[in-house]
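One line per chain: the protein sequences are A and B, in this order. With the first letter of the first sequence counted as 1, position 169 gets the number 601 in our numbering; the numbers rise by one all the way through. With the first letter of the second sequence counted as 1, position 26 gets the number 1483 in our numbering; the numbers rise by one all the way through. Even glycine gets a Cβ: it sits at the ideal position worked out from N, Cα and C. The model shown is predicted, which means the values in this text are computed figures rather than measured ones.
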Amino acid sequence: MMRRRYKFTQSLLSHYWLLLLAALLFIPVAIPASLFASWAVNRLVSPPAAPPVYKYGTAYEIEQMWHGEAERLREATDADIDARLTELKRQYPDASLFWIDGEGNTRLQLPESPGRPARWTADEAVAFMKERAYEKSELFTVVAFVGGKERVRPEMMVLELPRSFLSKSYISLYGNRDTAYFGYILAAMFVFYAAISYGFIHRIRRRLLKLEAAMSPTGHSGIPEPVAIGRPDEIGQLEAAFNAMVDELTRSKQREKEEEALRQRLIGSISHDLRTPLTVISSHLYTLAKEPLTDQGRQSVALMEQRIGDLDRLLDHLLSYNLLASGRYALSMKRMDVLRIVRECAAAWYPLWEKEGIEAELALPDAPLVWTVDEQGFRRVLDNLFQNVVRHAREGGYIGIVTDQSGGRTALAIVDRGGGFSAEGGAKGAGLGLAIVGLLLKQMKLKLKIDSSQRGTRVSISPDPDDSTDLAKTDPPF
Amino acid sequence: MLSILYIEDDADIGAWVRRDLESRGYKVVWLTNGERAVEEAAACGLAIVDVMLPGLDGFTVGQRLKQRYPQLPILMLSARTAIDDKLAGLRFADDYVTKPFHPDELAARIEALLRRTGQAPGDMLELNHLCVYERENRIVNRETGEEITLTGKQHQIFRYLLRHLGQIVTKEQMYEAVWGEPYIEGDKTLMVHIRYLREKLERDPANPQVIETIRGIGYRVKR
């Protein structure tokens, strides 16, 4: 068988590896990527709300301004300082301003603050400075010596401004929303990944199901139809192998058909070749029997005629058995009144029974007994059974054909008063005939039961109780 | 004298059958293959065709004959008795005899076939005390010399039995042949007709000798 090679990159395995890799990289890659994407999206969807607004300028500007003011007050009197601070308070309404003179007394406070000492000791000043130097302190504090950095005067002026006026977040350009989309983006990436892996499995599953459907024989002659080969991966290879198998099967079926036809022809000609001499012999026996013969001669002729008959039946059985056992005999099952077939068959056999001194007793009901049978097959069954009675139970001088009830079903029984199967050595020929009966009944889903004793044999046929479709029904006439 | 077309390739059997049939009063046209069958059949009242023939097989020959002469009774003769052959052969053939056959059986089948197609060999048939002239539809009681008249249905029933002379026919077969419709179980019509028929034909209708009752199976008229 030819194998189609496939590239690794096209194989299911490589696709699976890719998926696995994606799963491994999901956390280290997807999370930063989502964050970045969220940031970028935020930039895209939220335009800058307003230009930067620092109400009082930056911390640096405030510091510069304060030190500048202090320097400009180098020559100022206390009243000047008060006046300037008051003025500045108007410019910085959110700030609180005060100044400390050379003795450490707190002077003008705009506004007054309860925690502020009226007179500063050295440790209070240090504590204050230490506290305000701390970056996280609530108040942004600038302390400047009046008159400038050279400390020409002992006074200090102080500005306190809540840091919120300088806080970056308070005045953020885009608001604090850079991570707002992170969750959505991560979820979207997860859904995308899940969809891809589902698609991978789904495609495999769909192709396998398609193959499975193709394998259930739908084509004529019970062989599946070949499938169209999809992608050149592992499943594609399977499809190719399947097609090759179907091809092989079709060829072998074809071969089988040819062989069967040959066999049928062969059997036909063998049968012909065997029976033609039999016919010739029997024709000469017939001519011979018309000649004046001694009793011994007549007996011999009769015996030969009987043996020829036996041989003929055996041949017939052999051929029929061959046909049946190989399953070549197609039954056409129909629901029909089997009692009618029984009567017609019995009518054909009656003259022979009469001749052989066999008393026939038919006790069949008037109502039809409807079974599902193949008519020719059923006739064959009856023929073989009747033949057995004539050949092996002649001495009983009786054949009874009756129906009886067993287990709620009507059975058909053929009864004789012969020596029974085991007793007689003459059962030789019965074997093949009965085997044919067995095969035919089995194919018609009918059950065969044989009770044989030295006082006779009872063969009964009934619908198989395991088969519900073949219930023995007694239908009303119409 | 009635001509029978007989197609048989085996010389021994052919010669023997021809001799036997000629001794029974038939004229036999024996061919060893089916080539001239259709031409020869024109003058014959019945055809006996062997299934295994060289060249054209018997089934084909038989089918051609039937197609050309639908009224011609065809009796297939074969060594093959496998079930499928029997079916294929009987689809067009009127009867089927398998080798080896007894010449009496062949003769009986031929007679039955001829009777069925209204070509009975003899003019007069003697049944016990009756003389039956089939072609003239006449039945005469030999003992009294009286002619017996039958009604339409009685006549049809009696004719059906005569066509199957010596065979047993079931009441279903008889009813369906005479009335042309399926037999309904429990229908007493046929029985009633047979009772009247017997009253006309039998010496003692209570103990019928002409139309025999085969208990549980059917009826028979025996020669």
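Residue i - DSSP class collapsed to helix/strand/coil
| i | result |
| --- | --- |
| A:K568 | coil |
| B:E1568 | helix |
| A:D727 | helix |
| A:P594 | strand |
| A:K685 | helix |
| B:C1588 | strand |
| A:S715 | helix |
| A:Q819 | helix |
| A:D806 | strand |
| A:D769 | strand |
| B:Y1676 | strand |
| A:S470 | helix |
| A:S758 | coil |
| B:L1647 | helix |
| A:G858 | For A:G858, the predicted model reports a pLDDT of 44, less than 50, meaning its position is unreliable and no value from the coordinates is stated. |
| A:L880 | strand |
| B:L1510 | coil |
| B:T1517 | helix |
| A:F622 | helix |
| A:I494 | helix |
| A:G789 | coil |
| A:K487 | coil |
Where residue i falls, given that 16 or more other Cβ within 10 Å makes a residue buried
| i | result |
| --- | --- |
| A:T906 | The predicted model places A:T906 with a pLDDT of 44, which falls under 50 and marks its position as unreliable; any figure quoted below should be read in that light. A:T906 is exposed by the Cβ-count criterion. |
| A:L450 | exposed |
| B:G1519 | buried |
| A:Y630 | exposed |
| A:E671 | buried |
| A:S838 | exposed |
| B:M1581 | exposed |
| B:H1621 | buried |
| B:P1557 | buried |
| B:I1470 | buried |
| B:V1649 | exposed |
| B:E1675 | Glu is not the amino acid found at residue 1675 of chain B; the sequence shown has Gly there. That one is buried. |
| A:L698 | exposed |
| A:V461 | exposed |
| A:D526 | exposed |
| B:L1488 | buried |
| A:D742 | exposed |
Neighbouring residues, chain E, relative to residue i (Cβ below 7 Å)
| i | result |
| --- | --- |
| B:G1471 | Reference to chain E is not applicable here, since the protein chains of this structure are A and B. |
Own chain residues within Cβ distance below 7 Å of residue i, not counting five before or after
| i | result |
| --- | --- |
| A:D848 | V821, A825, G828, Y830, I831, G888, T889 |
| A:D512 | L505 |
| B:E1600 | H1586 |
| A:S545 | S528 |
| A:Y488 | I494, Y524, L593, F597 |
| B:E1656 | P1662 |
Beta-carbon proximity list for residue i, same chain, < 8 Å, skipping 5 on both sides
| i | result |
| --- | --- |
| A:I655 | P649, V678, L681, T682, K685 |
| A:R585 | R506, G534, F577, V578, G579 |
| A:T926 | A query on residue 926 of chain A cannot be resolved here, the shown segment of chain A reaching from 433 to 910 and no further. |
| A:E501 | R516, L520, A576, M589 |
| B:E1669 | Y1676, R1677, V1678, K1679 |
| A:A855 | A caution first: A:A855 carries a pLDDT of 47, below 50, which makes its placement in the model too unreliable to give a value. |
| A:A627 | none |
Close beta carbons around residue i, own chain, < 6 Å, minus the five adjacent residues each side
| i | result |
| --- | --- |
| A:V395 | No information on residue 395 of chain A is available, as it lies outside the stretch 433 to 910 that chain A covers here. |
| B:L1513 | G1491 |
| A:F622 | none |
| A:T611 | S470 |
| B:G1515 | V1506, D1507, V1508 |
| A:W781 | F818 |
| A:S446 | F440 |
| A:M736 | L717 |
Cβ separation of residue i and residue j, assumed to be a contact under 8 Å, to the nearest whole Å
| i | j | result |
| --- | --- | --- |
| B:A1504 | B:L1529 | 6 Å |
| B:L1607 | B:V1678 | The pair is not a contact, with the Cβ atoms about 14 Å apart (cut-off 8 Å). |
| B:I1625 | B:I1671 | 5 Å |
Q) Relative to chain A, which residues along the stretch 1611 to 1634 of chain B have a C-beta separation below 8 Å, given in chain order? A) G1623, Q1624, I1625, V1626, T1627, E1629, Q1630
Q | Cβ-based contacts, 7 Å cut-off: residues of the stretch 1505 to 1524 of chain B near chain A | A | M1509
Q | Residues within the stretch 740 to 770 of chain A neighbouring chain B, beta-carbon criterion of under 7 Å | A | I740, D744, D748, L751, S752, L755, Y761
(Q) Can you pull out the residues from the stretch 1554 to 1566 of chain B whose beta carbon lies closer than 8 Å to at least one beta carbon of chain A? (A) T1555, K1556, P1557, F1558, H1559, P1560
Q) If contact means a Cβ-Cβ distance below 8 Å, which residues of the stretch 1642 to 1672 of chain B contact chain A? A) E1642, G1643, I1671, R1672
(Q) Please list, in chain order, the residues of the stretch 790 to 801 of chain A that have any C-beta partner in chain B closer than 9 Å. (A) A792, E793, L794, A795, L796, D798, A799, P800
Q: Compile a chain-ordered list of the residues in the stretch 1461 to 1487 of chain B whose CB is closer than 7 Å to at least one CB of chain A.
A: D1467, D1469, I1470, W1473
Q.
For the stretch 707 to 723 of chain A, list every residue whose C-beta sits within 7 Å of some C-beta in chain B, in sequence order.
A. Under the 7 Å Cβ criterion, the stretch 707 to 723 of chain A contributes R707, T708, L710, T711, V712, S714, S715, Y718.
Q. For the stretch 604 to 637 of chain A, which residues have a CB atom closer than 9 Å to at least one CB atom of chain B, in sequence order?
A. Within the stretch 604 to 637 of chain A, no residue has a Cβ that lies closer than 9 Å to any Cβ of chain B.
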